[in-house]
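I have placed the structure first, in the form of structure tokens, so that the comments after it can refer back to it.
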Amino acid sequence: MSEFGLSDTMEDLVAELSRNVDRARNGFKYFIGAEKIEVGITPKEAVWSYDKVQLFRYQNQKVLYSTPILLVMSLISRSYVLDLRPNKSLVEYLTKRGFDVFLVDWGVPDGFEADNSLETYTHEYLTLAVENVIRISGAESVTLYGYCLGGDLALLYAASHPEAPIRNLVTMATPVNFSGMGPAMELLKDDKFDLQKLLGWDGNVPAVDIANSFKLLKPTGDMISRANLIENLWDDEFMDGYLAMSRWTGEHIPFPGRAFLQIVDLLIRKNCLAVGKCELGGEVVSLSSIKCSLLNVIAEKDHIVPIECASPVTTLVGSQDAAELRLPAGHAGLIVGRQATSVTMPKIADWIGARSVLLGEDIVSRDGRTDERTELV
């Protein structure tokens with residue numbers, strides 16, 4: 016008997032009836048499209064822009080470290096995925112840990128961006144973004160933090176600009192050995208396949224095709240997702256997360272055409288990052304040129320970037336302080352999973368913090384000058 020004098024069976028029935036009321040309420044709002052959840056709500060300010068690129072700085076009144084973090088997004092995802100929801104936000108967590116956080120948003124490309132090359136992003140946009148982070152923050156160096164394809168952009172930028180003021184480099188769910196990407200990449204690997212067929216009328220790969228390509232990686236994903244939705248319609252917290260993830264997976268952006276063709280040729284067909292030689296900007300670039308501290312974060316259950324695709328990073332760079340962090344999560348779970356804020360983000364923040372400098376702290380660098388480097392731990 017319960018404390019209200021009801022039998023356990025009756026109490027279960029009452030609870031289920033209550034859940035059905037909640038299911039009806041949430042289901043109605045979901046299926047008529049009235050429940051579009053707000054994302055990317057951590058307060059921020061646009062501090063610099065160029066073409067469609069914007070540099071955001073997140074508000075933080077309790078900055079503890081003078082080394083800022085610059086988050087680098089993929090070219091096919093909206094930047095809010097790193098600030099999805101309260102308590103499911105990498106941005107929110109890093110700011111609470113005392114970091115001065117910036118993010119480079121590439122914007123939504125149209126025909127004007129179709130001719131943007133890899134060099135446009137690595138040699139022009141990222142170079143300018145880093146320069147402006149340094150200018151605005153007053154720091155001498157940055158922590159560059161790339162997610163998924165954003166990690167590849169960060170790696171290529173760092174490798175082709177060994178003199179750049181990069182203190183630390185974090186790659187998360189970043190593919191480097193594209194031979195390990197599985198059967199989904201076989202079509203793109205075929206030299207006889209005409210890649211021009213994938214470009215839309217504006218010269219870019221359409222966003223809908225990007226979304227469909229991810230569905231091919233996990234064909235049963237939609238079915239499982241809908242089953243979970245029906246089962247948990249009564250749960251407001253579940254619905255909050257589900258709707259946020261639905262926006263993430265449903266709001267891809269077009270892939271700039273020229274950059275796409277280069278990525279297929281260099282990274283996928285020639286596997287240049289793993290081989291060690293990428294022709295970029297008229298020069299041969301190698302990850303061995305990267306000497307800064309590096310952390311490679313891998314999701315062990317990632318169906319998009321498998322372990323064998325992401326793991327070689329630490330052996331390819333020239334850093335004497337290169338570490339790998341493997342976590343039992345999926346591609347998105349690194350950011351929004353159940354253990355994201357309790358395990359994943361704390362470990363990453365600890366690593367960055369140990370290699371950053373507390374405000375007001377100066378030490379002597381390797382060449383004898385005073386700068387902000389801490390001893391590596």
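For the sequence shown, my numbering begins at 16 and goes up steadily by one.
Positions of the beta carbon are idealized from the N, C-alpha and C atoms, including for glycine.
Which one of L203, V87, D98, S152 has the shortest CA to CA distance from Y162? Against the sequence shown, residue 162 aligns to sequence position 147. Considering only alpha carbons, the answer is V87.
Going by DSSP, what residues sit across from Q69 in a beta bridge? Counting from 1 along the sequence shown, the entry for residue 69 is found at position 54. Paired residues: S64, D120.
How about V78 and L282: do their beta carbons lie closer than 8 Å? Within the sequence shown, numbered from 1, the residue matching residue 78 stands at position 63. Within the sequence shown, numbered from 1, the residue matching residue 282 stands at position 267. Not closer than 8 Å, so no.
How would you label S308, buried or exposed, when you count the other beta carbons within 10 angstroms and need 16 or more for buried? Here residue 308 is taken as the residue at index 293 of the sequence shown, counted from 1. So S308 counts as buried.
If contacts are defined as beta-carbon pairs under 8 Å, then L90 and L164 qualify, I think. What distance do you get, rounded to the angstrom? One-based indexing of the sequence shown puts residue 90 at position 75. One-based indexing of the sequence shown puts residue 164 at position 149. Right, their Cβ atoms sit about 6 Å apart.
My guess is that V157 and L85 are in contact by the Cβ rule of under 8 Å, so how many angstroms apart are they, rounded? As a first step, residue 157 must be located in the sequence shown, where it is residue number 142. As a first step, residue 85 must be located in the sequence shown, where it is residue number 70. About 5 Å; that satisfies the 8 Å criterion.
For K212, which three-state DSSP category applies? Here residue 212 is taken as the residue at index 197 of the sequence shown, counted from 1. Here K212 sits in helix by DSSP.
The beta strand (DSSP E) that contains I84, what's its start and end? In the sequence shown, counting from the first residue as 1, residue 84 sits at position 69. In the DSSP assignment, I84 falls within the beta strand (DSSP E) that extends over 84-87.
Between the alpha carbons of A289 and D280, how many angstroms are there, rounded? Here residue 289 is taken as the residue at index 274 of the sequence shown, counted from 1. Here residue 280 is taken as the residue at index 265 of the sequence shown, counted from 1. Using only the alpha carbons, I get a separation of about 14 Å.
Three-state class that DSSP yields for I322 in the structure shown: As a first step, residue 322 must be located in the sequence shown, where it is residue number 307. Correct three-state label for I322: helix.
Please tell me whether P83 and A154 are closer than 8 Å, where the distance is taken between their beta carbons. What you label residue 83 is simply residue 68 of the sequence shown in a count that begins at 1. What you label residue 154 is simply residue 139 of the sequence shown in a count that begins at 1. Judged by their CB atoms, P83 and A154 are nearer to each other than the 8 Å cut-off.
Please name the residue in C287, A144, V332 whose C-alpha comes closest to that of V299. Counting from 1 along the sequence shown, the entry for residue 299 is found at position 284. Measuring from the Cα of V299, the nearest candidate turns out to be C287.
Less than 8 Å between the CB atoms is what I'm expecting for G296 and A129, so what's the real figure, rounded? As a first step, residue 296 must be located in the sequence shown, where it is residue number 281. As a first step, residue 129 must be located in the sequence shown, where it is residue number 114. Contact flag wrong, Cβ pair sits at about 19 Å.
Tell me the rounded alpha-carbon separation between L284 and K204. Here residue 284 refers to the residue found at position 269 when the sequence shown is read from its first residue. Here residue 204 refers to the residue found at position 189 when the sequence shown is read from its first residue. First, the residue type needs correcting, since residue 284 is Arg and not Leu in the sequence shown. Rounded to whole angstroms, R284 to K204 spans 5 Å at the Cα level.
Would you say A344 and A314 are within 8 Å of each other, going by their C-beta atoms? Position 329 of the sequence shown, counted from the first residue, corresponds to residue 344. Position 299 of the sequence shown, counted from the first residue, corresponds to residue 314. Going by C-beta atoms, A344 is nearer than 8 Å to A314.
Mind checking L202: buried by the 16 CB within 10 Å criterion, or exposed? The residue given as residue 202 occupies position 187 in the sequence shown. Flag for L202 reads exposed.
Residue interval of the alpha helix (DSSP H) (run including N311): For the purposes of this step, residue 311 is identified with residue 296 of the sequence shown, where counting begins at 1. In the DSSP assignment, N311 falls outside any alpha helix (DSSP H) and lies within the beta strand (DSSP E) extending over 308-314.
Please go through the segment 143-180 and give each complete alpha helix (DSSP H) segment of 4 or more residues, from N-terminal end onward. 164-175
Segment contact, 8 Å Cβ cut-off, at least three pairs: the segment 137-153 with the segment 90-107: no
From the DSSP output, which residues share a beta bridge with A337? The count along the sequence shown starts at 1 and reaches residue 337 at position 322. Note: A337 sits in a beta bridge opposite L309.
Could you tell me if S104 is buried or exposed, where buried requires 16 or more neighbouring beta carbons within 10 angstroms of its beta carbon? The residue labelled residue 104 in the question sits at position 89 within the sequence shown. Buried is the call here.
Nearest candidate by alpha-carbon position, reference V185, set N75, G166, P269: Position 170 of the sequence shown, counted from the start, is the residue given in the question as residue 185. The candidate whose alpha carbon is nearest that of V185 is G166.
Would you call the CB atoms of L342 and L170 closer than 8 Å? Locating residue 342 in the sequence shown gives position 327, where the first residue counts as 1. Locating residue 170 in the sequence shown gives position 155, where the first residue counts as 1. Going by C-beta atoms, L342 is not nearer than 8 Å to L170.
Beta-carbon within less than 8 Å of V328's beta-carbon, same chain only, minus the 5 sequence neighbours each way: which residues are those? Residue numbering aside, residue 328 sits at position 313 when the sequence shown is read from its first letter. L170, T186, T189, V191, L302, L309, N311, A337, E339.
For the segment 56-74 against the segment 120-128, are there 3 or more C-beta pairs whose distance is under 8 Å? Yes: the two stretches touch, three or more of their Cβ pairs being nearer than 8 Å.
Excluding sequence positions up to five away, which residues of its chain have a Cβ less than 6 Å from the Cβ of E376? Taking the first residue of the sequence shown as position 1, residue 376 is located at position 361. For E376, where only same-chain residues beyond five positions count, there are no Cβ hits under 6 Å.
Contacting residues, own chain, Cβ-Cβ under 6 Å from L331 (five flanking each side not counted): Reading the sequence shown from its first residue, position 316 is the one you call residue 331. Excluding residues within five positions, the ones whose Cβ falls inside 6 Å are L302.
If you follow the alpha helix (DSSP H) that L276 is in, where does it begin and where does it stop? Mapped onto the sequence shown, residue 276 falls at position 261. Note, L276: alpha helix (DSSP H), 272-277.
Specify the secondary structure class of G128 as computed by DSSP and reduced to three states. Counting from one through the sequence shown, the residue named residue 128 turns up at place 113. In the sequence on display, residue 128 carries Glu and not Gly. In this structure, E128 counts as helix in the three-state DSSP scheme.
Where does D205 fall in DSSP's three states? Here residue 205 is taken as the residue at index 190 of the sequence shown, counted from 1. Residue state, collapsed to three classes: coil.
Beta bridge counterpart(s) of M187 as assigned by DSSP: Working through the sequence shown from its first residue, we reach residue 187 at position 172. Beta-bridge pairing links M187 to Y162, V312.
Whose C-beta lies closer than 7 Å to the C-beta of T356 among residues of the same chain, with five residues either side of it excluded? For the purposes of this step, residue 356 is taken as residue 341 along the sequence shown, with counting starting at 1. For T356, the CB contacts under 7 Å within the same chain, skipping 5 residues up- and downstream, are N102, Y108 in chain order.
At the level of alpha carbons, what is the spacing between G352 and Y160? Locating residue 352 in the sequence shown gives position 337, where the first residue counts as 1. Locating residue 160 in the sequence shown gives position 145, where the first residue counts as 1. For G352 and Y160, the distance between alpha carbons rounds to 19 Å.
Whole angstroms is fine: what's the gap from D206's alpha carbon to I56's? Taking the first residue of the sequence shown as 1, we reach residue 206 at position 191. Taking the first residue of the sequence shown as 1, we reach residue 56 at position 41. Their backbone Cα atoms lie some 44 Å apart in a straight line.
Is the CB-CB distance between P58 and Q74 below 8 Å? As a position in the sequence shown, residue 58 is number 43, starting the count at 1. As a position in the sequence shown, residue 74 is number 59, starting the count at 1. Yes, these two residues count as a Cβ contact at 8 Å.
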